[in-house]
Every structure is written in C-alpha cells, then in structure tokens.
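Colleague:
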Amino acid sequence: MIKVEGVKKQFNKNPVLIGLDVEIKEGDVVAILGPNGSGKTTLIKSILGMVVPDSGIITVKGESNRKDSSYRNQIDYLPQIANFPANLKVAELLKMINDIRGGSVREKELIATFGIEPFLNKKLSKLSGGTKQKVNIVLAFMFDSPILILDEPTTGLDPLALIKLKVLIEEEKAKGKTILITSHIMSFVEEVANRIIFLLEGKTYFNGSLEEIKSQTKQADLEHAIATFLEKEYA
Amino acid sequence: MLKVLKYSFYDLGRSRWSYIYFCFYLALGFVLLFLNNDLSKAIITLMNVIIVLVPLIGTIFGVMYYYNSVEFTELLLAQPIKRRNIFLGQYLGISISLSLSLLLGIGIPFMIYGLLKSAAIFDFFLLLLTGAFLTFIFVALAFNISLRNENKIKGFGYAVLLWLFLAVIYDGIFLMSLMVFEDYPLDKFSLIGTLLNPIDLSRTLILLKLDISALMGYTGAVFKNFFGTSSGMIISIVSLFLWIIFPVFAFVLKARTKDF
Numbered sequence: 004m005i006k007v008e009g010v011k012k013q014f015n016k017n018p019v020l021i022g023l024d025v026e027i028k029e030g031d032v033v034a035i036l037g038p039n040g041s042g043k044t045t046l047i048k049s050i051l052g053m054v055v056p057d058s059g060i061i062t063v064k065g066e067s068n069r070k071d072s073s074y075r076n077q078i079d080y081l082p083q084i085a086n087f088p089a090n091l092k093v094a095e096l097l098k099m100i101n102d103i104r105g106g107s108v109r110e111k112e113l114i115a116t117f118g119i120e121p122f123l124n125k126k127l128s129k130l131s132g133g134t135k136q137k138v139n140i141v142l143a144f145m146f147d148s149p150i151l152i153l154d155e156p157t158t159g160l161d162p163l164a165l166i167k168l169k170v171l172i173e174e175e176k177a178k179g180k181t182i183l184i185t186s187h188i189m190s191f192v193e194e195v196a197n198r199i200i201f202l203l204e205g206k207t208y209f210n211g212s213l214e215e216i217k218s219q220t221k222q223a224d225l226e227h228a229i230a231t232f233l234e235k236e237y238a
Numbered sequence: 049m050l051k052v053l054k055y056s057f058y059d060l061g062r063s064r065w066s067y068i069y070f071c072f073y074l075a076l077g078f079v080l081l082f083l084n085n086d087l088s089k090a091i092i093t094l095m096n097v098i099i100v101l102v103p104l105i106g107t108i109f110g111v112m113y114y115y116n117s118v119e120f121t122e123l124l125l126a127q128p129i130k131r132r133n134i135f136l137g138q139y140l141g142i143s144i145s146l147s148l149s150l151l152l153g154i155g156i157p158f159m160i161y162g163l164l165k166s167a168a169i170f171d172f173f174l175l176l177l178t179g180a181f182l183t184f185i186f187v188a189l190a191f192n193i194s195l196r197n198e199n200k201i202k203g204f205g206y207a208v209l210l211w212l213f214l215a216v217i218y219d220g221i222f223l224m225s226l227m228v229f230e231d232y233p234l235d236k237f238s239l240i241g242t243l244l245n246p247i248d249l250s251r252t253l254i255l256l257k258l259d260i261s262a263l264m265g266y267t268g269a270v271f272k273n274f275f276g277t278s279s280g281m282i283i284s285i286v287s288l289f290l291w292i293i294f295p296v297f298a299f300v301l302k303a304r305t306k307d308f
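Residue numbers (my numbering), protein chains in the order written: chain G, 4 to 238; chain D, 49 to 308.
#1: Which bits of chain G does threonine 93/D rub up against, with CB to CB less than 9 Å?
#2: For a contact meaning CB atoms closer than 7 Å, what does tyrosine 55/D contact in chain G?
#3: Quick one: give me the first and last residue of the beta strand (DSSP E) that asparagine 17/G is part of.
#4: When the cut-off is 8 Å and only beta carbons count, does threonine 178/D lie next to chain G?
#5: Any residues in the segment 112–124 of chain D with a beta carbon nearer than 9 Å to a beta carbon of chain G? Which ones, in chain order?
#6: Put leucine 244/D into one of helix, strand or coil per three-state DSSP.
#7: Should aspartate 102/G be flagged as near chain D, meaning a C-beta pair shorter than 8 Å?
#8: What does DSSP give as the partner residues of threonine 181/G in its beta bridges?
#9: Whose C-alpha, out of Lys178/G, Gln83/G, Phe201/G and Ser73/G, is nearest the C-alpha of methionine 189/G?
#10: For proline 82/G and chain D, any beta-carbon pair shorter than 8 Å?
#11: Can you give me the C-alpha to C-alpha distance between valine 100/D and phenylalanine 289/D, rounded to a whole angstrom?
#12: Rounded C-beta distance between isoleucine 229/G and leucine 213/G? I'm assuming under 8 Å.
#13: Please report how far the alpha carbon of lysine 51/D lies from the alpha carbon of isoleucine 185/D, in whole angstroms.
#14: Using DSSP bridges, identify the partner residues of tyrosine 80/G.
#15: Along chain G, in chain order, which residues have C-beta atoms closer than 8 Å to that of proline 128/D?
#16: Could you give the C-beta distance for isoleucine 21/G and methionine 4/G, rounded to a whole number, given that I count them as a contact under 8 Å?
#17: Can the beta-carbon of isoleucine 142/D be found closer than 8 Å to that of serine 238/D?
#18: Going by the DSSP bridge assignment, what does alanine 34/G pair with across the sheet?
#19: Mind the definition here: the segment 223–237 of chain G touches the segment 39–51 of chain G only if three or more C-beta pairs lie below 8 Å; say whether that holds.
#20: Just checking, does the segment 154–164 of chain G make contact with the segment 121–137 of chain G on the three C-beta pairs under 8 Å criterion?
#21: Using a threshold of 7 Å, is the CB atom of proline 121/G nearer than that to any non-hydrogen atom of the ligand ADP?
#22: Chain A beta carbons: is any one of them nearer than 8 Å to that of lysine 302/D?
#23: Does any C-beta atom of chain G lie closer than 8 Å to the C-beta of phenylalanine 308/D?
#24: Please work out which residues of its chain come closer than 6 Å, Cβ to Cβ, to isoleucine 35/G, disregarding the five sequence neighbours upstream and downstream, and give them in chain order.
#25: Please confirm whether arginine 62/D has its beta-carbon closer than 8 Å to some beta-carbon of chain G.
#26: With a cut-off of 8 Å, does the C-beta of methionine 4/G fall near any C-beta of chain D?
#27: Could you name the residues of chain D that asparagine 86/G contacts, counting a contact when the two beta carbons are closer than 7 Å?
#28: Residues of the segment 200–226 of chain D with a CB closer than 8 Å to any CB of chain G: list them in chain order, please.
#29: Could you name each continuous alpha helix (DSSP H) segment of 4 residues or more that falls completely within the segment 199–223 of chain D, going from the start of the chain to the end?
#30: So with CB distances below 8 Å, who are the chain G contacts of lysine 51/D?
#31: Just to confirm the assignment, what range does the alpha helix (DSSP H) spanning threonine 107/D have?
#32: Buried or exposed for phenylalanine 158/D, please, with buried defined as at least 16 other CB atoms from any protein chain shown within 10 angstroms of its CB.
#33: Which value, in whole angstroms, describes the spacing of the CA atoms of glutamate 234/G and tyrosine 208/G?
#34: Quick one, are the C-beta atoms of glycine 59/G and valine 25/G less than 8 Å apart?
#35: Between aspartate 59/D and chain G, is the shortest Cβ-Cβ distance under 8 Å, so that the two count as touching?
#36: Using 8 Å as the threshold, is the segment 130–140 of chain D in touch with the segment 200–218 of chain D, meaning 3 or more CB pairs across them?
In structure tokens:
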C-alpha cells in the first residue's frame with residue numbers, strides 16, 4: 004500500500020532520514036516509534052508530500068507521490084500540532100475542508116461524539132489545546148479514506164476523549180483500513196497497533212510484530228522493550 | 049485553485065487591513081480632489097502617491113499574509129490539491145483584493161467628482177491599471193521573499209529593503225550614473241535601466257499617456273524619442289506583464305521543492 008525506499012532527507016546539513024526503507028501493507032496498523040528527533044514526523048510528512056526527500060522513492064498504492072496530488076484523496080491525516088487559521092470559526096473550517104475535499108461521511112456523528120457542538124461558532128484561536136485536538140480528530144476521521152495517518156493523536160485529550168478515540172480507531176481497523184500512528188504513549192500503542200516500526204537516528208532499527216519485539220528484548224511490555232533498545236544503543 | 053482563491057479572498061474580506069487600505073485610498077482620493085479642484089491635476093498627484101505606496105503596501109501585505117496563513121497552507125498541503133494551485137490561489141486572492149481596494153478607494157471619490165463626464169477618464173483608468181500591475185508584481189516578489197525565509201523578521205526586512213531599493217535607491221544610483229557617465233551616449237543604458245525597475249516603468253507609462261514633458265525627466269524623454277508614445281506604451285505594458293510572469297514563475301518553482 005505504502006512503500007518507502009531509500010529515502011534520505013536532511014535539513015540544513017542535519018541528516019534526519021538516512022536511507023529509510025519501510026513497507027506498509029493493506030490493513031496494517033503500524034506504530035512508528037522512536038525517540039524525539041528520530042524522523043517520525045519527517046517520514047509521515049514525506050509520505051504526505053509535505054516534505055520533499057533528497058533521494059529515494061515513496062509510492063502510495065503503486066504510484067509515486069511526486070507525480071500527482073490525487074493520491075492524497077486516499078489519505079486522512081491528523082497533524083501533530085493542530086495549527087488552524089486563527090480567524091475561522093470551527094463550523095467554517097469544517098465546511099471549508101468539506102468544500103475543498105468533498106464527501107465527508109460522518110461529520111455530524113463525530114461532532115456529537117466529541118461534544119464539539121458548543122464550540123462550533125467559536126473562533127479556532129479561542130479554543131483550548133484539547134478542544135483543538137478534538138476538532139483535529141473530527142477533521143481527520145470525517146472522510147472515509149482507506150489510509151489513516153495519525154501523528155500523536157492523543158496529545159491533550161482527556162481520558163474520556165481518549166477512550167472515544169480508541170473506539171474510533173478500532174472501528175476503522177475493523178473496516179480493514181491501513182493505519183499509521185506515532186505516539187509516545189506505549190500503552191496506547193500496545194492497544195491499537197499490530198506492528199511496530201522503531202526508528203533510530205533516521206534508520207529502521209526494528210520492524211516486526213508486537214510479540215516479536217517483546218520476545219526479542221525478553222520484556223513483558225512494550226515500554227520496557229523500547230527502553231531496552233535505547234539502552235543498548237546508547238550504553 | 050478557484051476554491052483556494054475563494055477562501056483566501058473570504059479570509060482577506062474579513063481582515064481589518066483590507067479595509068484600512070481601502071479607507072486610506074478613499075480619504076486620499078477625497079483630499080486630493082478637494083485640494084486640487086481639478087481632475088487632471090489630482091491624477092498627477094495621485095500617480096506620485098500610487099507609484100510609491102502601492103509597491104510598499106503590496107510587499108508588506110504579501111509577506112504578512114504569507115506568514116499569517118502558514119497554518120492554512122499546511123492544512124491545504126495535506127489535501128488532494130496541487131501545490132501550484134495552493135500558492136497561485138493565495139497569490140491571486142491577495143493581489144485581486146488589494147487591487148479592488150485601490151480601484152474602489154480611488155474610484156468612488158473620482159466618480160462622485162464627475163469622472164465619467166471628464167476627458168481625463170482614460171488617464172485615470174491607466175493609472176488604476178498601473179496600480180493593479182504594481183500590486184500583482186510586488187505581491188509576487190513578496191511571495192518569493194517569504195517562501196525563501198522561514199524567519200519572519202528576516203522576511204519583513206528583505207521586503208522593506210526591496211521596496212526601498214526599487215522606489216528610492218535605484219533612482220539615486222541611476223541618476224548618479226547618468227551624471228558620472230554624461231560624456232557617453234546613455235540612451236540605451238537609461239532605456240534598459242527603466243525597463244529593469246517596475247516602478248520607473250509605471251511612471252514612464254503614465255507620463256507618456258499624460259504627455260507632460262516637464263515631468264517626464266530624461267528617461268521619459270528618451271523613451272518617447274526612441275519608441276514614440278504609442279509603441280512606448282505598448283512596450284512598457286508588455287514589460288510590466290513580464291515583471292508579473294517571472295516572479296510568479298519563480299515562486300511557483302520554489303514552492304514545488306519547499307518542505308513544510
């Protein structure tokens with residue numbers, strides 16, 4: 004579904020990705036993990052075409068992502084930091100994205116789920132961080148695209164909203180969607196993901212199932228498994 | 049692209065600055081007409097103001113809009129829209145809204161004053177056309193600056209410098225070199241010098257139309273001698289077009305490889 008081959012990228016002589024190869028198959032729920040600055044967001048932005056790699060090829064459903072923009076119709080994206088145009092109201096933003104992209108299927112349902120109705124007529128700049136993230140989630144999930152990319156989806160969410168988010172992800176999983184998640188909350192990753200890609204200094208350090216990572220590091224949970232990797236590398 | 053244009057336009061329609069700009073021109077138009085009491089004279093004064101101020105407002109507004117709408121741009125980049133269309137849409141959004149502010153702000157007082165019955169109507173339209181050209185040119189230059197500078201302060205700095213250079217310093221250097229090399233034939237040099245600065249080009253264009261030799265200066269006179277009034281005007285309009293096309297091409301090219 005998504006194929007990343009030999010992707011290299013540096014920002015101002017600071018190498019972030021050094022020859023990354025990743026393949027994500029249809030129906031995979033993949034967590035991209037790694038310490039801060041390991042290139043998770045750069046990888047995601049490269050797939051979305053927001054970052055242009057120095058070399059390497061990225062294909063989505065067999066087509067290069069540099070050719071055309073229509074492949075992004077297949078992708079729903081939840082950005083890490085929800086930056087929205089400040090002088091728009093929530094309802095206007097939803098309407099605008101709907102108008103640009105077309106075909107939202109569950110906007111009303113999601114607004115109800117996350118309790119956004121009271122904020123619909125408020126400006127985005129006036130919202131709290133958590134509410135912004137809820138709007139962000141509504142925007143990402145309202146289109147029924149086959150690929151979901153979630154960059155730190157849990158940021159700022161209260162426990163209730165977090166549970167609702169997990170339910171939402173489970174639903175999408177059940178539909179057979181391909182999902183890519185980054186997160187620093189290991190318990191969350193353990194609950195939702197079935198495959199782990201661990202990035203370290205711009206390379207794939209580990210790529211396998213949850214069970215494999217645990218058995219390889221001889222740890223009972225993911226958090227300790229990842230910690231073992233880091234200790235081994237930096238010791 | 050039309051959808052991006054629509055929303056940029058919508059966004060600018062709610063921005064305080066569009067109205068400040070509009071009110072400024074409205075006040076300027078009324079004051080000039082009140083003081084001059086003569087349409088053609090007011091047009092000359094207006095030319096001097098437009099030629100300096102429109103580029104300044106275009107560059108500053110362009111840079112400001114770009115930096116303010118980075119979030120909007122990032123949101124659009126994740127959608128199935130071509131990059132070229134995102135940036136062209138935003139560019140047209142600002143340029144058209146600034147040109148409209150100019151057109152309405154100056155047009156209304158002149159209309160009230162009886163422009164439509166006056167013989168100066170063509171001069172006036174040429175003036176507005178030049179103002180629109182300058183807006184499109186300088187917003188495009190502003191996009192080039194802001195796309196190449198992540199740092200807002202730097203971007204604003206370069207924008208102001210660019211304006212200062214083209215509106216003030218360029219003329220100074222130009223005049224100095226005309227004086228220093230006065231023993232040599234300078235026709236071609238001054239022709240090229242004029243074509244390379246959109247502000248000088250606009251001034252020459254309007255003065256050719258108004259046919260005021262006293263204000264034309266050396267370059268205007270050379271222009272007129274060399275091309276005659278009508279072909280001189282055609283050449284300056286074509287050059288102004290090129291001054292839009294090249295910067296637009298340059299920022300679209302830059303946008304293609306930029307990381308967000």
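All C-beta atoms in this analysis are idealised placements derived from N, C-alpha and C, irrespective of residue type, glycine included.
Modeller: Straight from the coordinates:
#1: Close to threonine 93/D, with beta-carbon spacing below 9 Å, lies no residue of chain G; the smallest spacing is near 36 Å.
#2: Within 7 Å Cβ-Cβ: Met99.
#3: From DSSP, the beta strand (DSSP E) with asparagine 17/G extends over 17–27.
#4: It does not; no Cβ of chain G falls within 8 Å.
#5: Per Cβ criterion, the list reads Asn116, Ser117, Val118, Glu119, Phe120, Glu122, Leu123 and Leu124.
#6: Three-state result, leucine 244/D: coil.
#7: With 8 Å as the cut-off, aspartate 102/G counts as an interface residue toward chain D.
#8: Its beta-bridge partners are Ile150/G.
#9: Looking at the Cα atoms, Phe201/G is the closest of the given residues.
#10: For proline 82/G, the nearest beta carbon of chain D is closer than 8 Å to its own beta carbon.
#11: About 19 Å.
#12: Contact between isoleucine 229/G and leucine 213/G fails: their C-beta atoms lie close to 11 Å from each other, not under 8 Å.
#13: A straight-line Cα-Cα distance of about 23 Å links lysine 51/D and isoleucine 185/D.
#14: DSSP lists Ile152/G as partners of tyrosine 80/G.
#15: The contacting residues are Ser72, Ser73, Tyr74, Arg75, Asn76 and Arg104.
#16: About 24 Å; that fails the 8 Å criterion.
#17: For isoleucine 142/D and serine 238/D, no; Cβs fall outside 8 Å.
#18: For alanine 34/G, which the question treats as bridged, DSSP gives the partners Ile184/G and Ile199/G.
#19: Output reads no: the segment 39–51 of chain G does not touch the segment 223–237 of chain G.
#20: Contact annotation: the segment 154–164 of chain G touches the segment 121–137 of chain G, with at least three C-beta pairs closer than 8 Å.
#21: The model on display carries no ligand, and the ligand ADP is accordingly not part of it.
#22: The structure shown contains no chain A; its protein chains are G and D.
#23: Chain G contact via Cβ: present.
#24: The residues are Lys43, Thr185 and Ile200.
#25: Using a CB distance cut-off of 8 Å, arginine 62/D counts as an interface residue toward chain G.
#26: Not one chain D Cβ lies under 8 Å of methionine 4/G.
#27: Under the 7 Å cutoff, chain D gives Glu119 and Glu122.
#28: Hits within the stretch: zero.
#29: If we require 4 residues or more, the alpha helix (DSSP H) runs fully inside the segment 199–223 of chain D come out as 200–212.
#30: Contact note: lysine 51/D reaches chain G through Asp102 and Ile103, using a C-beta cutoff of 8 Å and chain order.
#31: Residues 87–116.
#32: The residue is buried, with at least 16 neighbouring Cβ atoms inside 10 Å.
#33: Roughly 13 Å between the two C-alpha positions.
#34: Between glycine 59/G and valine 25/G, the CB-CB gap reaches or exceeds 8 Å.
#35: Answer yes: the Cβ-Cβ gap between aspartate 59/D and chain G drops below 8 Å somewhere.
#36: No, the segment 130–140 of chain D is not in contact with the segment 200–218 of chain D.
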